[in-house]
Amino acid sequence: MMEKKRVIIDTDTAGDDTISILTALHYFQVEGIMITGGNVQFDQQVENALYTIQVAGKSGQVPVYKGYERPLMGLGEKQHRTVEDVHGKDGMGDSFFEKAIQRPSEGHAVDFLIETVHKYPGEIHLLAIAPLTNIAMAIKKDPTIIPKIPHLYIMGGTNNALGNITPSAEYNFYVDPEAAKIVLHSGIPMTMVGWEMCTEYSIMDDNDHEDIDLLATKGAQFFKDVNKVVMKFNKSVHKLNGTTHPDTLLAAIAANENIMTRSNVYHVDVETVGELTRGYSLVDINNRLDRKKNVRVCEEIDRKAFKEMLLDVLRSIK
Ligand SMILES: [Ca+2]
106 MMEKKRVIID TDTAGDDTIS ILTALHYFQV EGIMITGGNV QFDQQVENAL YTIQVAGKSG
166 QVPVYKGYER PLMGLGEKQH RTVEDVHGKD GMGDSFFEKA IQRPSEGHAV DFLIETVHKY
226 PGEIHLLAIA PLTNIAMAIK KDPTIIPKIP HLYIMGGTNN ALGNITPSAE YNFYVDPEAA
286 KIVLHSGIPM TMVGWEMCTE YSIMDDNDHE DIDLLATKGA QFFKDVNKVV MKFNKSVHKL
346 NGTTHPDTLL AAIAANENIM TRSNVYHVDV ETVGELTRGY SLVDINNRLD RKKNVRVCEE
406 IDRKAFKEML LDVLRSIK
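Following this note's numbering, the numbering of the sequence shown begins with 106 at its first residue and continues without gaps.
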């Protein structure tokens, strides 16, 4: 068997983050999980990550580090907004799972990232499925990690499409656009999977949920539990008929780039000051700005192959 690639996950663990973590644990050697402020109350996110590791049967094998609880500029109107309405009060579909046995590791997530990248230069792929605060701060603290990171996969932004937290912005970029800006211009090779990829290719409708139920595994039950609230939310707010899996899609693409059937490298930037557009991601498709092309943007996914990967992951968790 081929040796698994090493990854570090940066997550605001709630809802689909958990399935993304399960996906990463299935396909990668996960060196550690970093928590950043986002979806729900910070310590709850830490607990959710620890519990997810336990569900995967890997308790004590994957360290969880606490990172920044607030965005870089989290003041006044820019205060960070959690989204319990999307994922449930506990971020886990109001499942209120028991407390995991594993506890968070000592030390700051950013220091863990820096140390691990230096320990395995050229080997640590990053899966960013949260606001980009921790990764931006790591780059600022030690820019010498930049050439040692082979690839960064970002779930965030949109390719000039409808946002989810505001009409113009996707949640991860909206929470910390300054961090997104630092990361997008860092020079790290990166792939962005935007929210519109999620709504086009990752939705699991009632039929898909039936297929998942039929697996009758612990993984399938966990999937069902954490997705209870988001199913209702998506129907009423986003007019989407099913659950959305942006973070899982991101992990699946990182694990198997062949499911990304079309992508292009563009100049991508993020709006930090717009009255209506804070967090909006600009993708310069026609190169009107004539600026450096910095991001590979995912544009099409083999939806069937993605679903197969998801089923494989959930099937494997007995
Ligand atoms: Ca997330």
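Glycine included, every Cβ here is placed at the ideal spot set by N, Cα and C.
Secondary structure of residue i, DSSP reduced to three states
i: L345; result: coil
i: E413; result: helix
i: T296; result: strand
i: D389; result: coil
i: R408; result: helix
i: M197; result: coil
i: T116; result: strand
i: R186; result: coil
i: I219; result: helix
i: D330; result: helix
i: M336; result: helix
i: R208; result: coil
i: M242; result: helix
i: V160; result: helix
i: H131; result: helix
i: H192; result: helix
i: I364; result: helix
i: Y276; result: helix
i: S421; result: helix
Spatial distance of residue i from residue j (CA atoms)
i: D165; j: T123; result: What sits at residue 165 in the sequence shown is Gly, not Asp. Rounded to whole angstroms, G165 to T123 spans 17 Å at the Cα level.
i: V335; j: L127; result: 18 Å
i: R420; j: N312; result: 17 Å
i: N144; j: V188; result: 5 Å
i: A235; j: T141; result: 7 Å
i: L267; j: I390; result: 16 Å
i: G212; j: R175; result: 17 Å
i: A410; j: V151; result: 31 Å
i: G227; j: N361; result: 19 Å
i: M197; j: D395; result: 43 Å
i: A161; j: V191; result: 24 Å
i: I364; j: I406; result: 6 Å
i: D195; j: L155; result: 13 Å
i: S386; j: D318; result: 36 Å
i: S307; j: E301; result: 10 Å
i: M139; j: N239; result: 8 Å
i: A205; j: F147; result: 16 Å
i: Y282; j: Y371; result: Contrary to the premise, residue 282 reads as Pro rather than Tyr in this sequence. So the two alpha carbons sit approximately 18 Å from each other.
i: V280; j: G172; result: 15 Å
i: V373; j: M107; result: 34 Å
i: R111; j: A321; result: 30 Å
i: F133; j: H230; result: 10 Å
i: E376; j: K245; result: 20 Å
i: T382; j: S200; result: 34 Å
i: N346; j: M242; result: 37 Å
i: V418; j: S125; result: 10 Å
i: S210; j: N392; result: 45 Å
i: I358; j: G299; result: 12 Å
i: Q149; j: E404; result: 33 Å
i: K286; j: M414; result: 31 Å
i: K337; j: D115; result: 27 Å
i: M295; j: S341; result: 34 Å
beta-carbon residue i near ligand 1 non-hydrogen atom, thresh 8 Å
i: S125; result: yes
i: D311; result: no
i: M139; result: no
i: I234; result: yes
i: N277; result: yes
i: D216; result: no
i: D281; result: no
i: T116; result: yes
i: M260; result: yes
i: D316; result: no
i: N144; result: yes
i: D195; result: no
i: D352; result: yes
i: A119; result: yes
i: D122; result: yes
Identified DSSP bridge partners for residue i
i: N369; result: V402
i: V169; result: I138
i: M260; result: V298
i: L317; result: According to the sequence provided, residue 317 is Ile. The question's Leu does not apply to it. Partner(s): none; I317 has no beta bridge.
i: A233; result: D115 and I259
i: V375; result: S386
i: H350; result: H350 pairs with nothing; no bridge assigned.
i: M178; result: Answer by DSSP bridge pairing: none, since M178 is not bridged.
i: M309; result: T348
i: H213; result: K171
Residue i CB to nearest heavy atom of ligand 2 below 8 Å
i: N312; result: Looking for ligand 2 in the displayed structure turns up nothing; the ligands present are ligand 1.
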